[in-house]
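The numbers in my numbering rise by one with no breaks, and the one at position 240 of the sequence shown is 241.
Every residue, glycine too, gets a C-beta built ideally from N, C-alpha and C.
Owing to the predicted nature of the structure, the values given are computational and were not obtained by experimental measurement.
One structure is given here, and the rest of the page talks about it.
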Amino acid sequence: MVEQKSRNIVLEQKRIKGLYKVLKRRYGPQGWWPLRSRRITAGACLSYTIGYDSGGYHPGTAEPEDPDDKFEIAVGAVLTQNTTWLNASAAIDSLIDRNLLNSQRLLQAPLEAIAEAIKSSGYYNQKAVKLKALADFFSRLEAPPKREALLEIWGIGPETADCILLYAFGLPVFVVDTYTRRIIKRFTGKGDVEDAGYGHFQQAIQAAFEGDAELNMEFHALLVAHAKQHCLKTPKCDACPAAGGCRERKMFAKAMNFE
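Here it is, written out as structure tokens:
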């Protein structure tokens with residue numbers, strides 16, 4: 002049933018690109034994925050934090066070159082599962098304070114110590130095991146990983162794997178999450194979008210950006226920003242920058258005789 006629904010979905014590339022332009026104009030560059038270890042703080046080394054703000058965001062730069070930065074992104078992708086970035090970033094800061102944000106050191110650390118450090122992210126005992134498995138994988142990594150290899154790691158699903166591939170290694174894959182589905186469903190007016198298979202939905206978005214990793218990064222980050230500021234579960238349509246092209250908004254207005 003889900004596969005049949007997914008086959009019926011058509012995401013118009015021009016509309017997706019248009020949505021990207023509208024959101025970029027409204028919110029500006031997002032600088033994802035934030036690197037907490039490089040954020041500007043009192044006493045921080047300026048050469049290490051150049052280009053980063055106080056949250057670790059870095060507008061205008063692509064995937065990192067430093068292996069520890071790549072690992073930090075992967076850790077963040079795990080820690081943000083089933084929680085907010087605020088809680089996940091607090092857990093990352095705790096790992097930094099304990100000098101554990103490194104694959105070798107994390108691999109050698111006791112599970113109890115890792116769990117204690119990441120309590121703010123929730124499900125900390127499970128996530129400690131996930132981070133151990135992730136650290137083992139990264140400690141042996143010599144080249145950008147295959148998606149299939151990431152999915153074999155315990156606790157790594159499609160969304161987490163794609164976060165790692167896109168933001169840590171700059172591979173042109175789109176991250177499909179709850180925010181993405183919500184906004185695209187409303188913007189296209191296609192109610193079956195939310196039930197579409199992950200792969201079908203991902204390919205439809207990727208096709209609009211023709212293999213450009215930076216556009217995939219920016220669009221995903223912009224969708225997150227938009228979902229938090231306007232396209233919430235109960236949307237704030239009146240001030241929405243994309244309201245003019247939103248089909249669900251137009252259908253609602255027509256039904257209520259607003260137009």
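Under the three-state DSSP convention, the category A116 falls into: helix
Tell me whether K234 is buried or exposed, calling it buried when 16 or more other Cβ atoms sit within 10 Å of its Cβ. The residue is exposed, with fewer than 16 neighbouring Cβ atoms inside 10 Å.
What three-state label does DSSP hand V3 in the structure shown? At V3 the pLDDT is 49, less than 50, meaning the model places this residue with poor confidence; the figure from the coordinates comes in the next sentence. In the structure shown, V3 sits in a helix (DSSP, three-state: H, G or I).
Report, in whole angstroms, the separation of the C-beta atoms of G156 and Q127, which I expect to be a contact under 8 Å. 7 Å
If you pair each beta-carbon of the segment 196-208 with each one of the segment 78-97, do three or more pairs fall below 8 Å? no
Exposed unless 16 or more other CB atoms sit within 10 angstroms - verdict on P65: P65 comes out buried.
Here's a check: name, in chain order, each residue in its chain whose Cβ is nearer than 7 Å to the Cβ of S122, leaving out the five neighbours to either side. L80, T84, N88, A89, A92, K128
So, at 8 Å on beta carbons, what are the nonlocal neighbours of R187 in its own chain, with the 5 sequence-adjacent residues on each side left out? C232, P236, C247, R248, E249, R250
Around the C-beta of D163, are 16 or more other C-beta atoms found within 10 angstroms, so that it is buried, or is it exposed? buried
Could you give the first and the last residue of the continuous alpha helix (DSSP H) run that contains T179? 179-189
Determine whether the beta carbon atoms of E219 and Q31 lie at a separation below 9 Å. yes
Would you kindly work out how many angstroms separate the C-alpha atoms of I41 and H59, rounded to a whole number? 11 Å
Can you give me the Cβ contacts of A43 inside the same chain, cut-off strictly under 6 Å, excluding the 5 residues immediately before and after it? Caution is warranted here: a pLDDT of 49 is assigned to A43, below 50, making its placement in the model unreliable, and no coordinate value can be reported.
Please identify the residue among A136, A214, G190, L223 whose C-alpha is closest to the C-alpha of E13. It is G190 whose Cα lies nearest to the Cα of E13.
Pick from R183, Q105, D67 that is closest to F139, judged by C-alpha positions: Q105
Looking at the structure shown, is L36 part of a helix, part of a strand, or coil, going by DSSP? coil
Just curious, the alpha helix (DSSP H) that F138 is in, first and last residue? 125-140
Between the C-alpha atoms of A209 and N103, what's the straight-line distance to the nearest angstrom? 36 Å
Taking the alpha helix (DSSP H) that E23 falls in, what are its first and last residues? The question names Glu, but residue 23 in the sequence shown is Val. 14-28 is the span of the alpha helix (DSSP H), which, as asked, contains V23.
Uninterrupted beta strand (DSSP E) stretches inside the segment 72-111 (no shorter than 3 residues): none
Could you please give the first and the last residue of the uninterrupted alpha helix (DSSP H) stretch that includes P159? 159-164
Helix, strand or coil for S121, going by three-state DSSP, please let me know. helix
Near S48, which residues of its chain fall below 8 Å by C-beta distance, leaving aside the five closest residues on each side in sequence? Low per-residue confidence applies at S48: pLDDT is 47, beneath 50, and the placement is therefore not dependable, though the value from the model is reported in the following sentence. Result list for S48: empty, nothing under 8 Å.
According to the neighbour-count rule (16 or more other Cβ atoms, all chains shown, within 10 Å of its Cβ), is E73 buried or exposed? buried
Let me check understanding here. Comparing Cα to Cα, which of C238, E211, K229 lies closest to I17? E211
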